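J.:
In my numbering, the protein residues as written are 67 to 633.
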């Protein structure tokens, strides 16, 4: 039975956390809604007057650009989700359910790819398939045969970008499935592919449905691929419309607010469907009290083909981008591979990047500070939230849970816009500093981090705290000495996840960036805009190397604290 917290500060702490969440979650959301209903721009007289108008929505809904962006967003999301889901499902099945050679290596490379900034992958594929400078067109001798600046180019790059996430979402379900069902299918005469389609995949339906919906949400809110590829091809989606109306002159704050509400509504609907899907997962339970030992399917001679296909996929997802960036980083000016190009190779770009520390290395330092600070702040906040939600009976704890998970429905571009508008109006001097980026990151990653900690908190029995309370410990002392040490695996996994994702985040950082608070991802985008392709590539290779170090550290942390692969 849960112990009621005495009035020794527990209620005050709960109230303080709720106030923090209202400030971090509710106010930015209200800012977007308010701006969408105002004709006046933020900062103009009358902006805070209690007079509202639907003029921005009328302008948006009566515009062909809005409906064109709506159709493009939906088509892009559905197509990319289906492709990435198919590829991720195949890789998860190959790694966890078959005896394919090198399956563990394929799985490690696929997971390691998740933390690499998406903008680097997009730029690498531009080098590969640009109609003017693309390596593929140069090799084939046909200018413009491959054109990455197109709708299908966006689908291709983003599908490869999302495949590791699809793999991660399906891996756990396939890994815990009772293999006796598949064995029974094969005894009945069904082949490997028939068993996969008729037995394995249907049993993972809840996980598959949840994966599809989460992939849809992430694709609807994606920004890097539509910005770099769709911008030049004049293929616009919701996120790029919001960015163009906010970051470029003449700015149109009201129209940007209307687009923000449209994407927020779409993500909310998808999230509601996701919750309905995962609510009935008990219908597909296969792990019971009976003991079973996971066994891999013997593919026979087919295992060499699946190995070749798996290695080819991870080469497309990770290998090609890295090799292209490495090649371009040694060139004085970017050019397709040739004898002349190889003769001009050198280390000049790396020397320039390392010498100009105020521009490039300073941004790496900014990303490191923001990543470490955000991860620490988020985990301290969500661990305390999780304690109040699951280990107390204080009124208000359900509100805490709702506010903590609500940001998952707020796309990065909407969140960045909300924080930009809010801090332009309030007299808090954080605009142009790392603090404003860190505050936005805290809201952005709070929901996922809360799930990391909540699963560990639910495993801790309340009798441990009750024993400490009998010894005279207050709630904060008990929380610090009893719960935090036992939450260590979940805290470490969540901390590392937040840190690496904050390091690679572009959308929010780009919306809030000024000259003194640029992160590594923003510098990559600036180098791209300036046409400094070789310097961009050298900077990208340095980030690749740094992230490899982070992956090694993450693996060491996982082994030390028993953390599962959740990056």
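Think of the CB as a built atom: it goes at the ideal place given N, C-alpha and C, for glycine as much as any other residue.
All figures in this text were calculated on a predicted structure; none of them were measured in a lab.
So the alpha helix (DSSP H) residue 496 belongs to, where does it begin and stop?
T.: Run containing residue 496: none; DSSP gives neither H nor E here.
J.: Determine the direct distance from the alpha carbon of residue 307 to that of residue 297, and round the result to whole angstroms.
T.: 10 Å
J.: Just the C-alpha distance for residue 194 and residue 388, rounded to the nearest angstrom, thanks.
T.: 11 Å
J.: Indicate whether residue 190 and residue 391 have their beta-carbon atoms separated by less than 8 Å.
T.: yes
J.: In angstroms with no decimal places, state the Cα-to-Cα distance between residue 217 and residue 449.
T.: Using only the alpha carbons, I get a separation of about 42 Å.
J.: On the three-state DSSP scale, how would you describe residue 164?
T.: strand
J.: Considering only residues of the same chain and omitting the five flanking positions on each side of residue 474, which have a CB-CB separation below 6 Å?
T.: 513
J.: What residue range does the alpha helix (DSSP H) around residue 370 cover?
T.: Here the alpha helix (DSSP H) through residue 370 covers 368 to 380.
J.: Rounded to whole angstroms, what's the CA-CA distance from residue 458 to residue 574? Just pull it up for me.
T.: Each residue's Cα considered, the two are about 35 Å apart.
J.: Within the chosen definition, does the segment 209 to 227 reach the segment 280 to 292 through at least 3 CB pairs nearer than 8 Å?
T.: yes
J.: Would you decide whether residue 478 is buried or exposed? Buried here means 16 or more other CB atoms lie within 10 Å of its CB.
T.: Counting Cβ neighbours within 10 Å, residue 478 comes out buried, since at least 16 surround it.
J.: Whole angstroms are fine: how far does the CA of residue 567 sit from the CA of residue 634?
T.: Residue coverage of the chain in this structure runs from 67 to 633, which leaves residue 634 outside it and unanswerable.
J.: Tell me whether residue 155, by its Cβ, gets closer than 7 Å to a heavy atom of the ligand SAM.
T.: The ligand SAM is absent from the structure shown, which contains no ligands of any kind.
J.: Excluding the 5 residues flanking residue 107 on each side, which residues of the same chain have their C-beta closer than 8 Å to its C-beta?
T.: The residues are 113, 317, 319, 320.
J.: Does DSSP put residue 428 in a helix, in a strand, or in coil?
T.: helix
J.: On the three-state DSSP scale, how would you describe residue 574?
T.: helix
J.: With a Cβ-Cβ cutoff of 8 Å, do residue 709 and residue 175 count as a contact?
T.: The question about residue 709 has no answer, for the chain in this structure spans 67 to 633.
J.: On a Cα-Cα basis, can you pick out the residue from 565, 325, 362 that is closest to residue 634?
T.: Absent from the structure is residue 634, since the part of the chain shown begins at 67 and ends at 633.
J.: Who are the Cβ neighbours of residue 471 in its own chain at under 7 Å, not counting the five residues just before and after it?
T.: 513, 516
J.: Taking only beta-carbon positions, decide if residue 494 is within less than 8 Å of chain D.
T.: Among the chains of the structure shown, chain D does not appear; only one protein chain is present.
J.: In whole angstroms, what separates the C-alpha of residue 203 from that of residue 230?
T.: 28 Å
J.: Do residue 102 and residue 452 have their C-beta atoms within less than 8 Å of each other?
T.: no
J.: Return the first residue and the last residue of the alpha helix (DSSP H) that residue 182 is part of.
T.: Taken as a continuous stretch (DSSP letters only), residue 182 belongs to no alpha helix (DSSP H), as it is neither H nor E.
J.: So residue 458 is in the alpha helix (DSSP H); what residue range does that whole segment cover?
T.: Per DSSP, residue 458 belongs to no alpha helix (DSSP H) and is neither H nor E.
J.: Decide if residue 571 is buried, meaning its Cβ has at least 16 other Cβ atoms within 10 Å, or exposed.
T.: buried
J.: Using 8 Å for Cβ pairs, my map puts residue 460 next to residue 77. What's the rounded Cβ distance?
T.: 6 Å
J.: Output the boundary residues of the alpha helix (DSSP H) element that contains residue 409.
T.: 405 to 409
J.: How long is the line joining the alpha carbons of residue 300 and residue 504, rounded to whole angstroms?
T.: A straight line joining the alpha-carbon of residue 300 with that of residue 504 spans about 32 Å.
J.: Between which two residues does the alpha helix (DSSP H) containing residue 100 stretch?
T.: 93 to 102
J.: Quick one: what's got a C-beta closer than 6 Å to residue 324's C-beta in the same chain, skipping five residues either side?
T.: 102, 122, 123, 126
J.: Return the first residue and the last residue of the alpha helix (DSSP H) that residue 487 is part of.
T.: Counting along the chain, residue 487 sits inside the alpha helix (DSSP H) bounded by residues 478 to 491.
J.: Between the C-alpha atoms of residue 597 and residue 394, what's the straight-line distance to the nearest angstrom?
T.: 13 Å
J.: Report the option in 84, 178, 440, 404 whose CA atom is closest to the CA atom of residue 205.
T.: 404
J.: Is it buried or exposed, residue 491, if we count other Cβ atoms within 10 angstroms and call 16 or more buried?
T.: exposed
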